[in-house]
Amino acid sequence: MPKNSKVTQREHSSEHVTESVADLLAHEEPVDYKRSVLNVTGETWDKQKDGEEELDAENRPAWNSKLQYILAQIGYSVGLGNVWRFPYLCQKNGGGAYLVPYLVLLVIIGLPLFFLELAVGQRIRRGSIGVWNYICPRLGGIGYASCLVCFFVGLYYNVIIGWSIFYFFKSFQYPLPWSECPVVTNGSVAVVEPECERSSATTYFWYRETLDISNSISESGGLNWKMTLCLLVAWSLVGLAMIKGIQSSGKVMYFSSLFPYVVLVCFLVRGLLLRGAVDGIMHMFTPKLDKMLDPQVWREAATQVFFALGLGFGGVIAFSSYNKQDNNCHFDATLVSFINFFTSVLATLVVFAVLGFKANIMNEKCVVENAEKILGYLNTNVLSHDLIPPHVNFSHLTAKDYNEMYRVIMTVKEGHFKELGLDPCLLEDELNKSVQGTGLAFIAFTEAMTHFPASPFWSVMFFLMLINLGLGSMIGTMSGITTPIIDTFKVRKEVFTVGSCIFAFVVGLIFVQRSGNYFVTMFDDYSATLPLTVVVILENIAVAWIYGTKKFMQELTEMLGFRPYQFYYYTWKYVSPICMAVLMTASIIQLGVSPPGYSAWIREEAAEKFLFYPTWAMAILISLIILASLPLPLVFILRQFHLVSDGSNTLSVTYKKGRMMKDISNLEDNDETRFILSKVPSETPSPMPTHRSYLGPGSNSPMEMSSAPNGRYGSGYLLASTPESEL
1 MPKNSKVTQR EHSSEHVTES VADLLAHEEP VDYKRSVLNV TGETWDKQKD GEEELDAENR
61 PAWNSKLQYI LAQIGYSVGL GNVWRFPYLC QKNGGGAYLV PYLVLLVIIG LPLFFLELAV
121 GQRIRRGSIG VWNYICPRLG GIGYASCLVC FFVGLYYNVI IGWSIFYFFK SFQYPLPWSE
181 CPVVTNGSVA VVEPECERSS ATTYFWYRET LDISNSISES GGLNWKMTLC LLVAWSLVGL
241 AMIKGIQSSG KVMYFSSLFP YVVLVCFLVR GLLLRGAVDG IMHMFTPKLD KMLDPQVWRE
301 AATQVFFALG LGFGGVIAFS SYNKQDNNCH FDATLVSFIN FFTSVLATLV VFAVLGFKAN
361 IMNEKCVVEN AEKILGYLNT NVLSHDLIPP HVNFSHLTAK DYNEMYRVIM TVKEGHFKEL
421 GLDPCLLEDE LNKSVQGTGL AFIAFTEAMT HFPASPFWSV MFFLMLINLG LGSMIGTMSG
481 ITTPIIDTFK VRKEVFTVGS CIFAFVVGLI FVQRSGNYFV TMFDDYSATL PLTVVVILEN
541 IAVAWIYGTK KFMQELTEML GFRPYQFYYY TWKYVSPICM AVLMTASIIQ LGVSPPGYSA
601 WIREEAAEKF LFYPTWAMAI LISLIILASL PLPLVFILRQ FHLVSDGSNT LSVTYKKGRM
661 MKDISNLEDN DETRFILSKV PSETPSPMPT HRSYLGPGSN SPMEMSSAPN GRYGSGYLLA
721 STPESEL
């Protein structure tokens with residue numbers, strides 16, 4: 001600190017400092033250092049500017065109702081992953097047995113960390129950047145890292161909404177365009193498109209008609225104009241929903257959050273009436289208990305819990321920051337967490353009912369094709385008629401009769417059985433075919449819907465549901481970017497929202513070239529998983545170990561009016577950090593064990609083939625992880641060595657309506673304590689020592705704050721409940 005500063009002059013003078021924190025708290029009228037004799041910054045008081053800051057603090061947007069807020073949180077947390085990722089993991093990892101590790105990890109990781117994010121957002125009433133600058137400035141990079149991850153995820157997530165928009169408009173025709181293979185004219189001869197004939201109609205429509213995909217990520221192939229237009233529509237929808245803030249996006253949530261449940265219930269009822277639906281649901285609920293002992297199952301369950309609730313993105317904090325401070329965020333956290341879980345189960349029931357129907361259709365097709373092979377072998381005397389059981393009727397052949405015939409032929413023709421090329425046609429094999437992500441939504445589910453009566457209606461409903469699920473998550477993701485940026489840098493909301501959507505659309509053109517699907521896979525697999533895991537670990541550490549779990553629990557008690565369960569104390573302090581550290585370690589090991597690659601569609605073979613990323617793509621992949629994580633060490637170093645301020649440029653303490661609002665910078669550790677409390681605590685008299693508007697947990701008087709274990713950040717940031725410069 002400069003030697004000629006007013007703080008230093010007063011410190012070396014014989015004059016006693018009598019203005020203590022308790023003195024300030026004794027005043028009922030607002031006291032601002034910039035207007036008092038304690039103005040040590042050398043700033044002149046700008047009445048107009050100061051009035052604008054206080055008006056900002058009072059006029060922060062708020063939800064119109066509690067229902068609107070809950071629907072917004074549900075719309076954000078319940079996304080496409082609940083529909084196509086959770087059912088796949090359930091199918092892959094033991095059916096009903098997978099629900100056990102998922103539910104356990106939801107309770108010990110998901111719920112506590114979701115509650116933590118809701119609480120800090122509501123308490124501090126800022127976006128992710130402001131919240132973590134406030135709690136621990138040295139870890140302020142958490143907020144910037146969250147914004148970057150939100151940006152990366154938003155880039156490719158909106159492309160998926162664009163795909164859904166394309167399918168939605170293509171659904172208004174009968175028959176559905178992906179129900180049959182196209183016929184091409186070769187001279188005077190009409191033949192079925194070879195690529196479609198070797199795969200399937202829905203697969204062909206997805207890879208060729210929709211994506212017009214190239215053979216590898218190295219073959220750009222130019223822009224796909226149809227997908228470019230759909231992406232433009234998707235970003236326009238997001239921009240319109242976001243441009244007027246939560247008053248606009250909140251109203252959108254009434255439809256975007258509730259409509260998917262209407263569709264899922266309709267699909268469940270319709271699915272249960274389909275032949276074979278029970279087979280699919282029984283397959284889902286038949287537990288493979290040995291899978292529960294597999295560490296990989298627990299790792300995938302933890303990852304799904306982590307992403308299902310939207311932890312670390314900043315969207316949860318942004319939505320919560322618009323709440324009143326006495327809102328019961330514990331109830332909100334519990335409600336949204338378990339609604340998310342039950343939505344995943346509901347979606348899984350729907351998916352397995354439809355896949356059970358599809359499996360029966362495919363199994364019957366397999367039986368018919370192989371029965372024709374057997375008839376051919378009988379007519380050419382390759383097989384004897386004596387091998388066919390007398391009750392078998394080829395004109396009405398059932399799967400049971402075929403399986404019986406198949407076993408007899410396999411036993412008798414054991415030495416030459418492979419040469420016959422017969423398939424077992426087991427229903428279980430069809431049900432075990434794991435399909436996830438775009439493969440589930442745009443291939444498996446669309447194929448099943450072609451067999452529905454009134455298939456265009458169900459297709460329109462399904463893709464409208466996907467659009468709504470995607471929009472709900474995108475609004476939360478964009479709020480994770482716009483809210484902290486607008487809070488911190490005071491940019492105009494409308495200008496920033498429109499500008500960010502245009503910029504994201506331009507950058508997102510990489511995903512709508514012919515090789516764009518491979519970039520979507522890269523971003524989905526690597527841009528968020530590791531950086532977000534680190535972000536959430538640091539969030540947990542910042543609150544539980546730096547800010548202090550006891551202090552945080554006490555603040556929650558004052559904010560909520562009741563003390564949260566001790567369960568949260570132990571999960572925040574010990575269980576969640578350990579579990580998240582294990583998850584991060586497992587993710588790093590997984591990256592090392594499994595070389596990064598992607599499934600490419602090879603046109604000539606009409607099949608998928610796993611390819612490794614080329615060197616330049618690996619460089620992009622590694623850059624994504626580094627760039628998303630870079631703000632964490634960068635901000636820490638800059639603030640540790642005082643190369644930048646702690647996020648403010650004035651010192652002011654305003655006592656207003658029972659709350660302290662504070663902003664400190666450019667003070668050394670000891671200078672701050674000496675300034676507020678004087679050189680020796682006992683030298684600071686207080687006319688009202690018993691007055692206590694708000695102190696951090698564990699402090700009994702204003703004097704005790706000088707010995708707070710967190711030093712500068714512990715004592716300073718315990719005094720505030722609302723930052724000075726709020727929107």
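Under full-length UniProt numbering, think of the first position of the sequence shown as 1, with each following residue one higher.
Cβ atoms here follow ideal geometry from the backbone N, Cα and C, with glycine treated the same way.
If you're wondering where the values come from, they're calculated on a predicted model, not measured in any experiment.
The alpha helix (DSSP H) with residue 185 in it runs from where to where? That residue, residue 185, is in no alpha helix (DSSP H); its beta strand (DSSP E) goes 183-186.
Spatial distance of residue 582 from residue 294 (CA atoms): Rounded to whole angstroms, residue 582 to residue 294 spans 15 Å at the Cα level.
Once DSSP output is grouped into helix, strand and coil, what is the label at residue 458? helix
Supposed close pair residue 535, residue 312 - CB separation, criterion 8 Å: 4 Å
Per-residue burial, residue 557 [other beta carbons within 10 Å of its own, 16 or more giving buried]: That one is exposed.
Determine the direct distance from the alpha carbon of residue 380 to that of residue 167, and round the result to whole angstroms. 47 Å
Within 10 angstroms of its Cβ, does residue 290 collect 16 or more other Cβ (buried), or is it exposed? An exposed status is given to residue 290, since fewer than 16 other beta-carbon atoms sit within 10 Å of its beta-carbon.
Return the CA-CA distance between residue 421 and residue 601, expressed in angstroms with no decimal places. 26 Å
The alpha helix (DSSP H) enclosing residue 420, as first and last residue numbers: Secondary structure note for residue 420: its alpha helix (DSSP H) is the uninterrupted segment 417-420.
If we ignore side chains and look at the alpha-carbon of each, how far apart do residue 605 and residue 457 end up? If I take the Cα positions, the gap works out to 34 Å.
Member of 550, 231, 216 whose CA lies at the smallest distance from the CA of residue 502: For residue 502, the closest C-alpha among the options 550, 231, 216 is that of 231.
Flag this pair as yes or no: are the beta carbons of residue 84 and residue 440 separated by less than 7 Å? yes
How would you label residue 133, buried or exposed, when you count the other beta carbons within 10 angstroms and need 16 or more for buried? buried
Would residue 136 and residue 314 be called neighbours here (beta carbons separated by less than 7 Å)? no
Ordered along the chain, which non-local residues of its own chain (more than five positions away) have a Cβ less than 7 Å from that of residue 467? Only 161, 164, 165, 168 meet the Cβ criterion.
Please classify residue 402: is it buried, with 16 or more other beta-carbons within 10 angstroms of its beta-carbon, or exposed? buried
Going straight from the alpha carbon of residue 508 to that of residue 495, what length do you get? 20 Å
Put residue 191 into one of helix, strand or coil per three-state DSSP. strand
Can you look up residue 600 in the DSSP assignment and give me helix, strand or coil? strand
Drop a sphere of 10 angstroms on the beta-carbon of residue 263, count the other beta-carbons inside from all chains shown, and report buried for 16 or more, exposed for fewer. buried
On the three-pair Cβ rule with 8 Å, is the region 179-190 touching the region 563-579? No: fewer than three Cβ pairs fall under 8 Å.
When we look at the beta-carbon of residue 505 and count the other beta-carbons within 10 Å, is it buried (16 or more) or exposed? With a threshold of 16 other beta carbon atoms within 10 Å, residue 505 meets it and is buried.
Residue 453 classed as buried or exposed, judged by whether at least 16 other C-beta atoms fall within 10 angstroms: exposed
Own chain partners of residue 267 with C-beta closer than 6 Å, once the 5 adjacent residues on each side are dropped: Same-chain partners within the cutoff: 350.
Can you list, in chain order, the residues of its chain whose CB lies under 8 Å from that of residue 254, leaving out five sequence neighbours each side? 68, 71
Sort 425, 529, 274, 588 by Cα distance to residue 303 and report the nearest one. 529
Work out the CA separation of residue 131 and residue 346 for me, nearest whole Å. Between residue 346 and residue 131, the C-alpha separation is close to 35 Å.
Can you tell me whether DSSP reads residue 612 as helix, strand or coil? strand
Can you tell me where the alpha helix (DSSP H) with residue 443 in it begins and where it stops? Note, residue 443: premise wrong, no alpha helix (DSSP H); not H, not E.
Figure out for me which residue from 82, 94, 301, 599 has the closest Cα to the Cα of residue 431. Ranked by Cα distance from residue 431, the options 82, 94, 301, 599 are led by 94.
Assuming the contact rule is C-beta atoms closer than 8 Å, residue 217 and residue 613 should be a hit. Round their C-beta distance to whole Å, please. 7 Å
Based on the DSSP output, what are the partners of residue 513 in its beta bridges? In the DSSP assignment, the residues bridged to residue 513 are 223.
For residue 512 and residue 225, the rounded distance between their alpha carbons: 8 Å
Among 296, 378, 278, whose alpha-carbon lies nearest the alpha-carbon of residue 101? 296
Do the CB positions of residue 75 and residue 256 come within less than 7 Å of each other? Yes.
List the residues that DSSP assigns as beta-bridge partners of residue 619. BP columns for residue 619 are empty, so no partner.
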